[in-house]
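Notes to accompany the following structure.
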Amino acid sequence: MEINNNQLLRFTTAGSVDDGKSTLIGRLLYDSKSIFEDQLESVSATSAKKGHDGVDLALFTDGLKDEREQGITIDVAYRYFTTPKRKFIIADTPGHIQYTRNMVTGASTANAAVILIDARHGVIEQTKRHSFIASLLNIPHLIVCVNKMDLVDFSEEVYNNIIIQFEEFSSKLLMKDVRFIPISALKGDNVVNKSENMAWYQNGTLLSTLENLHISSDINKIDARFPVQTVLRPQSDRYRDYRGYAGRIASGIYRTGDEVAVLPSGFTSKIRSINAGEKEVEEAYAPMSVAITLEDDIDVSRGDMIVKKNNQPEQEQEFDVMLCWLNNDAMNPRAKYTIVHTSNEERAIIKEVIYKMNINTFERDSEDSNLEMNDIARVKIRTTRRLMLDSYRDNRITGSIIIIDENSNETVAAGMIV
1 MEINNNQLLR FTTAGSVDDG KSTLIGRLLY DSKSIFEDQL ESVSATSAKK GHDGVDLALF
61 TDGLKDEREQ GITIDVAYRY FTTPKRKFII ADTPGHIQYT RNMVTGASTA NAAVILIDAR
121 HGVIEQTKRH SFIASLLNIP HLIVCVNKMD LVDFSEEVYN NIIIQFEEFS SKLLMKDVRF
181 IPISALKGDN VVNKSENMAW YQNGTLLSTL ENLHISSDIN KIDARFPVQT VLRPQSDRYR
241 DYRGYAGRIA SGIYRTGDEV AVLPSGFTSK IRSINAGEKE VEEAYAPMSV AITLEDDIDV
301 SRGDMIVKKN NQPEQEQEFD VMLCWLNNDA MNPRAKYTIV HTSNEERAII KEVIYKMNIN
361 TFERDSEDSN LEMNDIARVK IRTTRRLMLD SYRDNRITGS IIIIDENSNE TVAAGMIV
């Protein structure tokens, strides 16, 4: 299969505090020759100052200077690198339990999640929590890297036992594509280059797995959803009567001549033209940014959605959401919020907390309705007007929302429509 070298793969990394996540990312960048000379010189100098033999790979990713000196990694750090086959964005999220919200943020747009397990410790609570979040966010591909294989004598038996442990609990989660790779980030085994110490492992390295993941089919091509971001009325001599609706296709395929409906009004028309930048195209698909014109003069504005006439989302004012609370302040049950869904903003209330999720045990607590930072819960939301919704499982774009506090204007929560 030929991979498009312009294709972008976003992946998130997650692991416990000392699982070697920073070293792994450093190794990926170092061995794939994605590090600038000045970065290499700076990190080499810092490594020598700290008395390390050779280059401390973790320093390539441990962002801020004072953060490095304290030996901790916080927040979400985004790294970019390119190989001849593909472009990559890494969302590096911290492993600590108090940073659950950071993992949700970093992983929300990811095609793949790389979860690290320390070969000496096997599956721990952190592993289960990170896997649960990856499953909740419907990340299409999960790559489980069993790291520090050099510290267990590259034992195939240890590796196989960890796979059994992982599969025991992950069978309860919804996961489409799970792959396992035994690695040593420190020594470089199976990260970019094939390991000579694990001849028993016959599959690809981490980099070749990431390069060859088939991600085109991750986008929903069946349900056509086009949230309108703005209406284009150039009023120039060249475009005297032009009225285009601009936005980014969330899913599906649009062609000139397609019969479409504009929601929430329900008026129908046909697509007259589609423009991608300066160029007129016959068809467009997610995630292209385009301007669409219709054959009929319909009142369309920001927040409306252009869909296929016989394939429409649900229109609801009350719906259930799996919500991750992001804010330092706990949820106020009487607060008024703004809900942002695609290009639409409506006022909303959180009507009910149905249950809170214990993300270490996967148990549901229907007694506790107090939402605090990093909590994940199923809630019922009511909005002032109907929204055009798909379930998050079917459509990650039209199935997700964020919630903003009207008083502070802070983003307090992000959610997935059930």
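Here the sequence shown is numbered in full-length UniProt numbering, starting from 1 and rising by one per residue. We put the CB at the ideal spot given by N, CA and C, even for glycine.
| Length of the line joining the Cα atoms of S208 and Y254 | Mapped onto the sequence shown, residue 208 falls at position 208. Mapped onto the sequence shown, residue 254 falls at position 254. Near 33 Å, if we compare the C-alpha coordinates of Y254 and S208.
| said: Tell me the rounded alpha-carbon separation between L28 and V192. | reply: Within the sequence shown, the letter at position 28 stands for residue 28. Within the sequence shown, the letter at position 192 stands for residue 192. Straight-line Cα distance between these residues: approximately 6 Å.
| field | Beta-carbon gap between residue 459 and N327 smaller than 8 Å | value | This structure does not reach residue 459, given that the chain is present from 1 up to 418, and the question cannot be answered.
| query | S329 to K336, Cα distance in whole Å? | reply | Taking the sequence shown and counting its residues from 1, the one referred to as residue 329 is at position 329. Taking the sequence shown and counting its residues from 1, the one referred to as residue 336 is at position 336. Ser is not the amino acid found at residue 329; the sequence shown has Asp there. Roughly 15 Å separates the two Cα atoms.
| I143 bridges to which residues according to DSSP? | Taking the sequence shown and counting its residues from 1, the one referred to as residue 143 is at position 143. DSSP lists V114, R179 as partners of I143.
| query | Candidates A185, E280, F166, I404: which alpha carbon is nearest E345's? | reply | As a first step, residue 345 is located in the sequence shown; it is residue number 345 there, counting from the start. Of A185, E280, F166, I404, the residue nearest in Cα terms is I404.
| message | Runs of 3 residues minimum, wholly inside the segment 144 to 174: which ones carry the beta strand (DSSP E) assignment? | response | none
| query | For I162 versus G122, is the C-beta distance shorter than 8 Å? | reply | Stepping through the sequence shown from its first residue, residue 162 is reached at position 162. Stepping through the sequence shown from its first residue, residue 122 is reached at position 122. Yes, these two residues count as a Cβ contact at 8 Å.
| How about I403: is its C-beta nearer than 8 Å to some C-beta of chain B? | Protein chains in the displayed structure number just one, and chain B is not present.
| Whole-angstrom distance between I298 and A250, CA atom to CA atom | If you number the sequence shown from 1, residue 250 lands on position 250. If you number the sequence shown from 1, residue 298 lands on position 298. C-alpha separation (whole angstroms): 21 Å.
| field | Three-state secondary structure (DSSP) of F88 | value | Residue mapping note: residue 88 aligns to position 88 of the sequence shown, counting from 1. Reduced to three states, the DSSP call for F88 is strand.
| query | Are I222 and G252 close, meaning C-beta to C-beta below 8 Å? | reply | Taking the sequence shown and counting its residues from 1, one reaches residue 222 at position 222. Taking the sequence shown and counting its residues from 1, one reaches residue 252 at position 252. For I222 and G252, yes; Cβs fall inside 8 Å.
| query | In angstroms, rounded to a whole number, what distance separates the CA positions of F88 and L210? | reply | Counted from its first residue, the sequence shown places residue 88 at position 88. Counted from its first residue, the sequence shown places residue 210 at position 210. If you take the alpha carbons of F88 and L210, they lie about 9 Å apart.
| request: Identify whether N220 lies in helix, strand or coil by the three-state DSSP scheme. | output: The residue given as residue 220 occupies position 220 in the sequence shown. Residue state, collapsed to three classes: coil.
| said: One question on the structure: do T12 and A77 come within less than 8 Å of each other, judged by their Cβ atoms? | reply: Here residue 12 refers to the residue found at position 12 of the sequence shown. Here residue 77 refers to the residue found at position 77 of the sequence shown. No, they are not a contact pair.
| said: Can you look up Y30 in the DSSP assignment and give me helix, strand or coil? | reply: In the sequence shown, residue 30 corresponds to position 30, counting from 1. Helix, per DSSP.
| task | Leaving out five residues on either side along the sequence, give the residues of the same chain with a beta carbon under 6 Å from the beta carbon of residue 470. | result | The structure shown does not extend to residue 470, since the chain spans only 1 to 418, so no value can be given for it.
| Buried or exposed by the 16-neighbour rule on C-beta atoms within 10 Å, applied to Q126 | The residue labelled residue 126 in the question sits at position 126 within the sequence shown. Looking at its Cβ environment, which holds 16 or more other Cβ atoms inside 10 Å, Q126 is buried.
| field | Residue burial classification, E205 (beta-carbon count within 10 angstroms, cutoff 16) | value | Along the sequence shown, read from residue 1 onward, the residue named residue 205 stands at position 205. Here the sequence assigns Thr to residue 205, which means Glu is not the residue at that position. Label assigned to T205: buried.
| Which residues share a DSSP beta bridge with P227? | What you label residue 227 is simply residue 227 of the sequence shown in a count that begins at 1. In DSSP, P227 forms a bridge with M305.
| query | Per DSSP, D365 forms a beta bridge with which residues? | reply | Translated into positions along the sequence shown, residue 365 becomes position 365. Answer by DSSP bridge pairing, in chain order: K356.
| Every unbroken beta strand (DSSP E) within the segment 268 to 330, with a cutoff of 3 residues, ordered by chain | 279 to 281, 283 to 285, 289 to 294, 305 to 308, 314 to 325
| Just checking my contact of R393 with N138 at CB under 8 Å: how many whole Å lie between their CB atoms? | Position 393 of the sequence shown, counting from 1, holds the residue named residue 393. Position 138 of the sequence shown, counting from 1, holds the residue named residue 138. At roughly 6 Å, the Cβ-Cβ gap stays under 8 Å, so R393 and N138 are in contact.
| Whole-number beta carbon distance between V262 and D304, since they are thought to touch under 8 Å | As a position in the sequence shown, residue 304 is number 304, starting the count at 1. As a position in the sequence shown, residue 262 is number 262, starting the count at 1. With 8 Å as the limit, D304 and V262 qualify as a contact, their Cβ atoms being about 6 Å apart.
| task | Have a look at the DSSP bridge pairing and note the partners of D189. | result | Along the sequence shown, read from residue 1 onward, the residue named residue 189 stands at position 189. BP columns for D189 point to S184, N193.
| said: Within a Cβ cutoff of 7 Å, which residues of the same chain sit near L371, ignoring the five residues on either side of it in sequence? | reply: The residue given as residue 371 occupies position 371 in the sequence shown. The answer, listed in chain order, is W325, A330, M331, V353, A377.
| Hey, D92 and S16: beta-carbon distance below 8 Å or not? | By one-based count along the sequence shown, residue 92 stands at place 92. By one-based count along the sequence shown, residue 16 stands at place 16. Going by C-beta atoms, D92 is not nearer than 8 Å to S16.
| Under a Cβ-count criterion, where at least 16 other Cβ atoms within 10 Å of its own Cβ denotes burial, should K148 be classed as buried or exposed? | As a position in the sequence shown, residue 148 is number 148, starting the count at 1. Looking at its Cβ environment, which holds 16 or more other Cβ atoms inside 10 Å, K148 is buried.
| Rounded C-alpha distance that separates A110 from R396 | Position 110 of the sequence shown, counted from the first residue, corresponds to residue 110. Position 396 of the sequence shown, counted from the first residue, corresponds to residue 396. Roughly 11 Å separates the two Cα atoms.
| task | Name the two residues that bound the continuous beta strand (DSSP E) containing A246. | result | Sequence index remark: in the sequence shown, residue 246 carries index 246 (1-based). Start and end: 244 to 248.
| Assuming M322 and M416 make a contact with CB atoms under 8 Å, what is their CB distance in whole Å? | By one-based count along the sequence shown, residue 322 stands at place 322. By one-based count along the sequence shown, residue 416 stands at place 416. Confirmed, Cβ separation roughly 5 Å.
| message | Using the Cβ count rule (16 or more neighbours within 10 Å means buried), how would you classify G266? | response | Here residue 266 corresponds to residue number 266 of the sequence shown, with the count starting at 1. Label assigned to G266: exposed.
| field | Spatial neighbours of G106 in its chain, beta-carbon cut-off 6 Å, leaving aside the 5 residues before and after | value | Counting from one through the sequence shown, the residue named residue 106 turns up at place 106. The answer, listed in chain order, is T12, V76, A91, T93.
| query | Starting from T209 and walking both ways along the alpha helix (DSSP H), at which residues does that stretch end? | reply | For this step, residue 209 is matched to residue 209 along the sequence shown. First-last of the alpha helix (DSSP H) with T209: 206 to 212.
| said: Just list the residues that DSSP pairs N344 with in beta bridges. | reply: Translated into positions along the sequence shown, residue 344 becomes position 344. The partner list for N344 (beta bridge, DSSP) reads H341.
| task | Would you tell me roughly how many angstroms separate the C-alpha atoms of L9 and S34, rounded to the nearest one? | result | Locating residue 9 in the sequence shown gives position 9, where the first residue counts as 1. Locating residue 34 in the sequence shown gives position 34, where the first residue counts as 1. Spanning the two alpha carbons is a distance of roughly 16 Å.
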